[in-house]
Structures are given as C-alpha cells and as structure tokens.
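Quick notes on the structure that follows.
Chains as they are written, first to last, in my numbering: chain W, 1 to 221; chain Z, 1 to 580.
As structure tokens, then:
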C-alpha cells in the first residue's frame, strides 16, 4: 500500500521540524488492517522514530469520526505538541479528520497548510493556509492540529539504507478496545457510481447549428 | 531543433538536441547527470538478485530454505523496479505447478493463489467469421489458471518470511565490475529533473555488492542484455539470436452466467495473416475474471501492423465477442516474451553471476509456458550458489549451474519443442503441419534443428511494400481506444525525470523510421509512447511520452535501426499490475 500523498507531505513536514531542532520525536500513526504496517514502515524509512498501528478488522469501517476518536485517545497517552495530518485521503476525499480531532481535543487547527513555522520558544506555530482568496497566515498556540496541503513541501525519497534501518524501528500495535473507543458505522455508503461515460462528439455542419446545440442541448447560455 | 552545448560544470555534461516536444539526451551522457562523481554508499550481500519475479523469488526462497536446512547464514537481497512485488508481472497464465511443488511441496496448504484447475482446453482456427475447432495440442490436465502477478506477490511474502530482503521501488541501472568480474549492481540516482539537474529530493543511487549476482529481469532485461553482450554469452553457447513476441492482455470481469472457471481457449489464424505468427488466449480465472489477450511475434513484416489494434479487432470475432459482452475490463497491460527457445539460450553463467528466468530465455513456446522453467532455473542457480558460497572459496563460481541446467528437465522440454516455432517461418500452414508432426510423432528426437530467420528488427519490410491497415474504430464496449486501455494499466512515472527511452542518434527517427517504415513505433508500442507530431513548421517529429511506458521492451527489440534503447527509469514507476 502506498502512503496517501497528503500524509506523505505531513510526514515530511514533521521530519523537517525535527531536523530544525523544534521537535524531539516523530511518531507515525496508521489505522486499519495489516497493510498499514507497510505504510508505517515507509514513514519510518523516511526518518520517523517509531510507529503506532491501530489494528481494526477492516479499514472500510473507519470513517473520519472514528479515526478522530482514535486519535483523540492516542493523543491523551502520547501527549504530542503537534498533530500533523494530510488534508484528506485520496480514496474518500473527506477532508474531515483533522478538523474533527481538533474539535474533540479542543485544540486550535490550521488546515490546508502551505507553510508551517514553529516559534523559537516552541509555544506557538505560524501557519500559512491556502484559501480561495489567497494566503491566510494564522498563529496558533501549541498543542495544535495542522493539516497539510500539496504545496507544503516535496517529500523525500526513502533511501535503501533507511528502509533497512526502518525494519529495526518499533511499531506498537493497539486495538480500539484498548483505547476505549467504540467504532460505530455512523455513515452508510448507499451507492457508488462512475461518472457518466464521455459520449461521442457530434459533428456540426455550421456555426448556427453549433449555437443551437450549445443553447438548447448543452444549455451553456 | 536547436543544438545546445552546455558549459562544463553545469549539471548535464552532454550535447542535447532540444525539440519543442521535449529534450532527448545523447544516450551515453545519461550516466553523468550529476555534477562531480559523488561517492555512492554501498552494501554487501552474499547474493544480490535483480528482479522479484518467479525466477528471482524462487532463487531467493531456495537459498534461504537451504540456509535453514544446513544451518548456515547467507544474506540475500532482491531489488525490484516495480512499486510493489508483482506490479510489473504480466502473463497469460496457465500454470504448470511442477516447480512450485519443488519449492513448496505443501503450497496448497500454505494458501498459494493457485486454485482453479484447467477444466476445458479448446483450440480454434479462426477465419474472419468462423471458428473451427481443432484438436488441442496442449495437455493442460493438472495445470491451473492463475494470475502470475498474484502468485508472485504470494512468493514475495513467503520470501520475506524466510528473511529475504526485498526492495521494491528501486531500479538496478548499472552492473558493477571489478577486473572483468560482476560484483553487484547499482540503483538509479533518484530526483533528477527532466533537464538533468538535481532536484531538492535528489538521492544518489546505491551499490549493492554481492559475492554472487543473479539477473532475473525477465524478457530483454536491461542489465542482462549488457552482460550477454559483454561476455559474448550467445557466442559461448553457440546460440542464435533471441526472437520475441509482444503480448497484449486484458483481465475482464464477466457476468456470472458466462463464467466457466478453468476454461482455457487458444486460437490461431484471424486476425493475423498467414505470414504473421501469433495467436490469442482466453482463460477463465476465479472471481468471474477472464484473462484474454493476443500474442504477436515481433518478426512481422508489415510496418503498418499494430498489435494493439489486432487485439481489439480479435475481440469482435463472432465467437469471441459473446464471451465478453456484458462484462467490464479491470486491467490492461502488455509485455514482450521470448520465442527463441532452445536455439537461443545463451551461456547462462558469467564471472560473478548468472542469468535466470526469461533473462536467459526458457519459454516453451508450443506449450506457451515459461513460468515453470523460470522458477526451475532459479532453483538450480540457488542450489549451485549455496554450494559455492558454503565452500567459502573466493571468488565463487556458478559454472556448475550451466551444467545442471543442461541435465535438467528444462533442457529436455525445450529440446523436444525446438523445431516448432521456427517452422512457422515458412508460413502458418507449414508451421501447423510441422508442429503436428513434431508434437505427435517425432517429439524433437529427429536429428535436425530448424534455425530462426532474421532477427526481429531486421524482419520489418519498408512501408512502400505495404498498405496501411484500416483498423475498425473502438466501440467502447468490447474494444477501446489505447489511452482508455492505458489508464487501466495503472502506469505512471514521476514526470519530471529524464526520458528513460534513449536514442543513439536523435535524427534517425525522422530520417529512417518515418520515411522508410512509416513511423512503425507509433503503431507497435502498446502505450502510445511514440508519436509523430507536426512541429511549428508542420514537419512531423517524434515525441516520446516516456511517462506512459509499460516496460514491455518492444521498442528495444523491434526498432529497425536499433536506435531506441530502453533504460531503467526511476524506481517505482511503470505499470501497477495486480491480477495480470
């Protein structure tokens, strides 16, 4: 399984924060079945210090609220100062987990981050967010939740020696029961349909016919 | 096209010709993309294996099994250019489990994805409208319909359980030599931009040094071809050149009512003409999935032929179409395979290592099976390697692997089948006649050996001698346009990297391929990598869409002036096959 691209960017940012001396440890968390182990190992190979695997029977029942609750439980035991997530997963495109866990924890949040700077005293973080109107810069007290957007950084390749070293790093396994979290299926997928297939193009004989079709069939104007 | 010579000290030490459509590097310069010679890190192993396919993994597993049995320790490393083990594996596949049983006698209990026994074995001669059943020349009783990609993924997990270190996502791009002996391989530099400059993510390649190196790259392996040339391995064994075919394949999911698990069909004849060797296959796997494809030998003469379009046409045959109607395509892909058989086997041993699997070429063409012989060759090489490394004599030699091969059932099988494929050089009917004779009567025992015709790249005739083929347009239901199919291969590459398809002389495509052969690469490539596009002056120029590449190697094989060289792109690029 390959890592969700936005999560990879979040891991990269965490590593850069640690390399800048603003953090002492980077822990990568993944939730789901056995394939998560490979994803965690990729994070470890990039340079994270240890991994946490929340094992669930099948990943399909893990909707954002469940993930947020599990993260909330992990945060209370791990006590991190910064929670970095990808802004959304490319399989469900929810864009909810970061926001929900911030709400559950009562922590400040900065989503769609394109730049993250931890203050010298490590008490606050300054984040530039990409919004429709441009770039919004906000400052948050730590601990905080930040979700990563595409332009935050370009993740490093995991080198072969690091992949080998990653095999020795520890991955702690924990179940939702041990965290006292009940995973409910609060969402039910009713239907998934493919986008309509592209229809064949229609050749028009004149500009008038084109205008007619645009107006009456495609309803462009 | 402007020729730009770059200043010394900049990041690419090469003359480049830059066309509007993209830069093409003079191929020798590829090695020197980074400024200065940065030291490469290196790691040592007892055995380094290139390619996590059936042969490579069988060898790795056998080595570790022998270590367990004899209480020895050997470090074994497998590098694989695909993003995952199995990503680049594509095959029919009707599997003869003989070698799997040698590797894991209890493979069934261990849950190997080999579950659907062959239940029906049909063989048809097609005309454009009819299908004439012929007696099946295959004896598939006891064989299974499988997805080789799935089996290889399973082998990968078994190998890791035994302690083999497998590194997918790393391309072995260089053989390391020390005084004429192969001492390992080096992986690609990663993070180089299209223009040759280092990006912020630049990572120097790594050296993986082995006391022994096994090359298991599959058909037309990049490093294998270099080693065959360097040590003149074909000359050493008195072998002829290798001949090839291109296989185009889809996996369909069909309606429950149409699914007959274990159904195996092969056809010859239409849509290929009597001068073009090839045929189709259609195998029913588990889960309502059907593997279907067309194999076209690459010694075809008509430069207007498109194996992809022939395959799309084939699916519309009145006897084939109903089998697929109502279903949908799940995956698409293409790969070349060896057809040279016995006559083309090079010496498989060189100082410091050996060739195993299709890198050497053990496909039994009449049986259309090569996975079982590939795995067996891996087993033999592993057994030899274990013996030699345990002895501790340096440098370790694999010479007795060559002898073991010749004493094995691989040799007997390929020898018995040796005259069948070359007979088709004389046409379809003579080919079928000789095949029948050899298959049912002489079984290769008569003391004659037919030779292969000209190499594939010399077999194409000039376009003047042929007419363009008017292929039917895709209907979007049974047949599809190439880019739609390509999407189903999950292929991708990091786009900002130098093109891995190199031209020895960048002017040859427009001077030779376009004029004499009507730009044939734009027709045989199953991934639309090669396109002739008009430039600002309305002149047709070659555009190389390297990002589309399926790693099939057809261009490396078929290009008449042998101007195109396939090299390894950055690791983890290429197709993403899971049930091919």
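We treat Cβ as the ideally placed atom computed from N, Cα and C, and that holds for glycine.
In or out: residue 53(W) buried (at least 16 other Cβ within 10 Å) or exposed?
The residue labelled residue 53(W) in the question sits at position 53 within the first chain. By the 10 Å Cβ count, residue 53(W) comes out buried.
Counting only beta-carbon atoms, is residue 41(Z) nearer than 8 Å to chain W?
Here the question's residue 41(Z) lines up with position 41 in the second chain. Yes, because at least one Cβ of chain W sits closer than 8 Å to the Cβ of residue 41(Z).
Let me make sure I understand the geometry here. Which of 394(Z), 464(Z), 306(Z), 378(Z) has the alpha-carbon closest to that of residue 155(Z)?
Against the second chain, residue 155(Z) aligns to sequence position 155. The candidate whose alpha carbon is nearest that of residue 155(Z) is 378(Z).
Start-to-end residues for the alpha helix (DSSP H) that takes in residue 68(W)
For the purposes of this step, residue 68(W) is taken as residue 68 along the first chain, with counting starting at 1. Element bounds for residue 68(W): 64–78.
With a cut-off of 8 Å on the beta carbons, I'd call residue 179(W) and residue 206(Z) a contact; round off their distance for me.
In the first chain, the residue the question calls residue 179(W) occupies position 179. In the second chain, the residue the question calls residue 206(Z) occupies position 206. That belief does not hold up - the Cβ atoms of residue 179(W) and residue 206(Z) are roughly 39 Å apart, past 8 Å.
Proximal chain Z residues relative to residue 159(W), where beta-carbon distance stays under 9 Å
Within the first chain, numbered from 1, the residue matching residue 159(W) stands at position 159. Within chain Z, the residues near residue 159(W) are 41, 190, 203, 204, 206.
With 16 as the cutoff for other CB atoms within 10 Å, does residue 112(W) come out buried or exposed?
Position 112 of the first chain, counted from the start, is the residue given in the question as residue 112(W). It counts as buried.
Secondary structure at residue 283(Z), three-state DSSP: helix, strand or coil?
In the second chain, the residue the question calls residue 283(Z) occupies position 283. Strand.
I'd like the span of the beta strand (DSSP E) that includes residue 208(Z), first residue to last.
What you label residue 208(Z) is simply residue 208 of the second chain in a count that begins at 1. Here the beta strand (DSSP E) through residue 208(Z) covers 207–215.
Restricting to runs no shorter than 3 residues, where is the beta strand (DSSP E) found entirely within the stretch 410–436 of chain Z?
none
Supposed close pair residue 369(Z), residue 94(Z) - CB separation, criterion 8 Å
Here residue 369(Z) refers to the residue found at position 369 of the second chain. Here residue 94(Z) refers to the residue found at position 94 of the second chain. Going by Cβ atoms, the distance from residue 369(Z) to residue 94(Z) rounds to 7 Å, so yes, they are a contact pair.
Does the beta carbon of residue 437(Z) sit closer than 8 Å to a beta carbon anywhere in chain W?
For the purposes of this step, residue 437(Z) is taken as residue 437 along the second chain, with counting starting at 1. It does not: the Cβ of residue 437(Z) has no partner Cβ on chain W nearer than 8 Å.
Expected contact under 8 Å - CB spacing of residue 297(Z) and residue 339(Z) to nearest Å:
Locating residue 297(Z) in the second chain gives position 297, counting from the first residue. Locating residue 339(Z) in the second chain gives position 339, counting from the first residue. That pair is a contact at about 6 Å.
Residues in the stretch 377–411 of chain Z having any Cβ partner in chain W nearer than 7 Å:
none
Going by Cα to Cα distance, which pick from 546(Z), 38(Z), 301(Z), 277(Z) is closest to residue 493(Z)?
Translated into the one-based positions of the second chain, residue 493(Z) becomes position 493. Answer by Cα proximity: 546(Z).
For the 8 Å Cβ check, are there 3 or more pairs between the stretch 553–562 of chain Z and the stretch 166–182 of chain Z?
no
May I have the straight-line CA-CA distance separating residue 214(Z) from residue 228(Z), to the nearest angstrom?
Position 214 of the second chain holds residue 214(Z). Position 228 of the second chain holds residue 228(Z). Those two C-alpha atoms are separated by around 13 Å.
Is there contact here, the stretch 445–455 of chain Z with the stretch 489–509 of chain Z, by at least three beta-carbon pairs under 8 Å?
no
Given residue 99(W) as reference, the closest of 40(W), 13(W), 66(W) once Cα atoms are compared
Numbered from its first residue, the first chain carries residue 99(W) at position 99. Out of 40(W), 13(W), 66(W), 66(W) has the C-alpha closest to the C-alpha of residue 99(W).
Whether or not the stretch 404–415 of chain Z and the stretch 293–310 of chain Z are in contact is what I'm after, with contact meaning three or more pairs of Cβ atoms, one per stretch, closer than 8 Å; do they touch?
no
With 16 other CB atoms within 10 Å as the buried threshold, where does residue 5(Z) fall?
Numbered from 1 along the second chain, position 5 holds the residue referred to as residue 5(Z). Annotation note: pLDDT 33 at residue 5(Z) (below 50); position unreliable, no value reported.
Would you kindly work out how many angstroms separate the C-alpha atoms of residue 282(Z) and residue 218(Z), rounded to a whole number?
Translated into positions along the second chain, residue 282(Z) becomes position 282. Translated into positions along the second chain, residue 218(Z) becomes position 218. So the alpha carbons of these two residues sit roughly 23 Å apart.
Give every residue of the same chain whose Cβ lies closer than 8 Å to the Cβ of residue 203(W), excluding the five residues on either side of it in the sequence, and list them in chain order.
Residue mapping note: residue 203(W) aligns to position 203 of the first chain, counting from 1. The answer is none, since no qualifying residue turns up.
Please compile the residues from chain W whose C-beta is within a distance smaller than 8 Å of the C-beta of residue 200(Z).
Indexing the second chain from 1 puts residue 200(Z) at position 200. 154, listed in chain order.
Answer with yes or no whether the minimum CB distance from residue 170(Z) to chain W is below 8 Å.
The residue given as residue 170(Z) occupies position 170 in the second chain. Residue 170(Z) counts as touching chain W.
Using only CA atoms, which one of 267(Z), 179(Z), 300(Z) lies nearest to residue 582(Z)?
Since the displayed chain Z opens at 1 and closes at 580, residue 582(Z) lies outside it and no answer follows.
Figure out for me which residue from 61(W), 45(W), 208(W), 95(W) has the closest Cα to the Cα of residue 15(W).
As a working note, residue 15(W) is residue 15 in the first chain. Minimum Cα distance to residue 15(W) is reached at 45(W).
Beta carbon proximity, residue 117(W) to chain Z, threshold 8 Å
On the first chain, residue 117(W) is found 117 positions in, with the first residue counted as 1. By this cut-off, residue 117(W) is not an interface position.
Where the alpha helix (DSSP H) through residue 37(W) begins and ends:
Stepping through the first chain from its first residue, residue 37(W) is reached at position 37. Taken as a continuous stretch (DSSP letters only), the alpha helix (DSSP H) holding residue 37(W) covers 35–46.
Rounded to whole angstroms, what's the CA-CA distance from residue 240(Z) to residue 341(Z)? Just pull it up for me.
Taking the first residue of the second chain as position 1, residue 240(Z) is located at position 240. Taking the first residue of the second chain as position 1, residue 341(Z) is located at position 341. C-alpha separation (whole angstroms): 10 Å.
I need the boundaries of the beta strand (DSSP E) containing residue 531(Z), first residue and last residue.
Looking up residue 531(Z) in the second chain gives position 531. From DSSP, the beta strand (DSSP E) with residue 531(Z) extends over 530–534.
Examine the ligand GTP and report whether any of its heavy atoms sits within less than 7 Å of the Cβ of residue 157(W).
With respect to the ligand GTP, the structure shown offers nothing to examine, as it has no ligands at all.
In angstroms with no decimal places, state the Cα-to-Cα distance between residue 292(Z) and residue 252(Z).
Taking the first residue of the second chain as 1, we reach residue 292(Z) at position 292. Taking the first residue of the second chain as 1, we reach residue 252(Z) at position 252. Cα to Cα, the separation comes out at about 8 Å.
For residue 2(W) and chain Z, any beta-carbon pair shorter than 8 Å?
Within the first chain, the letter at position 2 stands for residue 2(W). Output row for residue 2(W): interface = yes.
Would you say residue 163(W) faces chain Z, with C-beta separation under 8 Å as the test?
As a working note, residue 163(W) is residue 163 in the first chain. Output row for residue 163(W): interface = yes.
Cβ neighbour criterion (16 or more within 10 Å) applied to residue 217(W):
For the purposes of this step, residue 217(W) is taken as the residue at position 217 of the first chain. Exposed, since its Cβ has fewer than 16 Cβ neighbours within 10 Å.
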